[in-house]
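Colleague: Residue numbers (the working numbering): 28 to 281.
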Amino acid sequence: MEAIRPVGRTLLRDRAYQAIRDAIVAGEIEPGAVVRDAEFAELLGLSRAPVREAFSRLVDEGLLESKPQSYTRVTPVVAADVRDAAAVVGAMHELATRAAVPRLFAADVETMRSANERFAAAVRTGDVDAALVADDELHDVLVRVSGNHAAAATIARYTPLIRRLERRRFGEGGNCRSAGLHEQLIEACAAGETDEAVRVTAEIWHGLAALVDESEQGDESDEGEKAEQAEAAGRVGGPRAEAVDQQAADAADH
């Protein structure tokens with residue numbers, strides 16, 4: 028009984044968390060969508076308690092927002108939030124890279140090469156799921172070898188916020204991380220060149236920051252176009268409405 032109670036509860040909570048988080052990140056549950064514990068409990072074959080715990084964790088991590096006694100819904104993709112998350116995650120990857128490079132074995136480098144080959148192939152075919160999985164596998168080698176559990180936990184917490192934007196931009200033709208930069212990182216790791224590996228890691232994450240800026244500009248452009256269309260519609264409708272009113276007034280006079 029001692030083993031069943033705590034372990035079972037932890038696994039159920041984590042199962043609910045991972046399933047809901049992955050669905051949000053993949054866009055299967057869209058921003059603004061209201062989520063209900065009863066529905067997800069039924070979908071996952073769980074009770075409502077672990078689903079509620081998962082909701083609470085996702086609220087803390089910024090993927091859900093909740094108003095007590097009212098709603099729990101998926102947060103919008105906000106460029107400023109993604110930018111902040113990317114800055115933190117990038118810094119943690121740089122820290123992990125610096126610690127990991129002197130500790131890498133040849134097998135670790137080969138794992139990174141294999142992941143980058145799959146990443147490049149996925150980018151060519153437009154397979155966003157495979158690309159992001161391979162990207163994670165490549166960088167996870169350095170995080171794991173670094174042995175920095177605090178960095179690993181921080182990366183795990185904030186990466187989902189970033190992935191939502193990456194997925195959206197990938198689908199719209201936005202740039203994913205360059206396989207060429209990955210190759211430079213791998214070569215630096217193979218040569219034991221710590222400073223160069225850290226530099227390339229920083230360049231990879233600066234590229235992501237540029238992706239955030241592009242997305243923000245694109246959103247602003249879309250909003251501007253909508254405003255212009257609304258204004259144009261007002262200009263077209265305004266004179267016509269005035270003419271109709273004038274015709275009605277003239278008819279009343281006669």
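All C-beta atoms, glycine included, are put in the ideal place defined by N, C-alpha and C.
Among Gly-174, Asp-41, Ala-134, which one has its Cα closest to the Cα of Leu-71?
Modeller: Ranking Gly-174, Asp-41, Ala-134 by Cα distance to Leu-71 puts Asp-41 first.
Colleague: Whose C-alpha, out of Ala-148, Thr-138, Ile-182, is nearest the C-alpha of His-120?
Modeller: Comparing Cα positions, the closest option is Ile-182.
Colleague: In the DSSP output, which residue or residues are listed as bridge partners for Val-101?
Modeller: In the DSSP output, where bridge partners are listed per residue, Val-101 has Leu-91.
Colleague: Rank Leu-212, Ala-53, Pro-103, Arg-151 by C-alpha distance to the C-alpha of Thr-8 and give the top, closest one.
Modeller: Because the chain is modelled from 28 through 281, residue 8 falls outside the range shown and cannot be assessed.
Colleague: Please report the straight-line C-alpha distance between Arg-191 and Val-78, rounded to a whole angstrom.
Modeller: Approximately 21 Å, taken between the alpha carbons.
Colleague: Do the stretch 170-189 and the stretch 104-117 touch if we need at least three Cβ pairs shorter than 8 Å?
Modeller: Flag = yes, the stretch 170-189 and the stretch 104-117 touch.
Colleague: When DSSP labels each residue in this structure, what does Val-62 get in the three-state scheme?
Modeller: Coil at Val-62, not helix or strand.
Colleague: For Leu-192, does the three-state DSSP call read helix, strand or coil?
Modeller: Helix.
Colleague: Is it a yes or a no for the stretch 236-245 touching the stretch 140-150, going by three-plus beta-carbon pairs under 8 Å?
Modeller: Short answer: they don't touch.
Colleague: If you draw a straight line from the C-alpha of Thr-228 to the C-alpha of Ser-74, how long is it?
Modeller: Their Cα atoms are separated by approximately 42 Å.
Colleague: Are there three or more Cβ pairs, one per stretch, closer than 8 Å when the stretch 94-106 is compared with the stretch 53-69?
Modeller: Taking 8 Å as the limit for Cβ pairs, the verdict is that the stretch 53-69 does touch the stretch 94-106.
Colleague: Nearest CA to the CA of Ser-173: which residue from Glu-164, Ser-205, Leu-122, Ala-157?
Modeller: Nearest option by C-alpha distance: Leu-122.
Colleague: Give the secondary structure of Gln-96 by DSSP, where H, G and I count as helix, E and B as strand, and everything else as coil.
Modeller: Coil, per DSSP.
Colleague: Which residue from Ala-179, Val-160, Asp-87, Ala-106 puts its Cα closest to that of Arg-196?
Modeller: Nearest option by C-alpha distance: Ala-106.
Colleague: Would you identify the three-state DSSP class for Ile-56, choosing helix, strand or coil?
Modeller: Three-state DSSP puts Ile-56 in coil, outside helix and strand.
Colleague: Compute the distance between the beta-carbons of Ala-81 and Ile-47, then report whether it is under 8 Å.
Modeller: Closer than 8 Å, so yes.
Colleague: By the 10 Å Cβ neighbour count, where 16 or more other Cβ atoms means buried, how is Arg-145 classified, buried or exposed?
Modeller: It is buried - the Cβ of Arg-145 has at least 16 other Cβ atoms within 10 Å.
Colleague: Please determine, among Asp-163, Leu-39, Asp-162, Ala-133, the residue with the shortest C-alpha to C-alpha distance to Glu-214.
Modeller: The option with the nearest alpha carbon to Glu-214 is Ala-133.
Colleague: DSSP three-state call for Leu-73: helix, strand or coil?
Modeller: Reduced to three states, the DSSP call for Leu-73 is coil.
Colleague: Alpha carbons only, please: which of Ala-161, His-176, Asp-156, His-166 is nearest the one belonging to Ala-224?
Modeller: Closest by alpha carbon: His-166.
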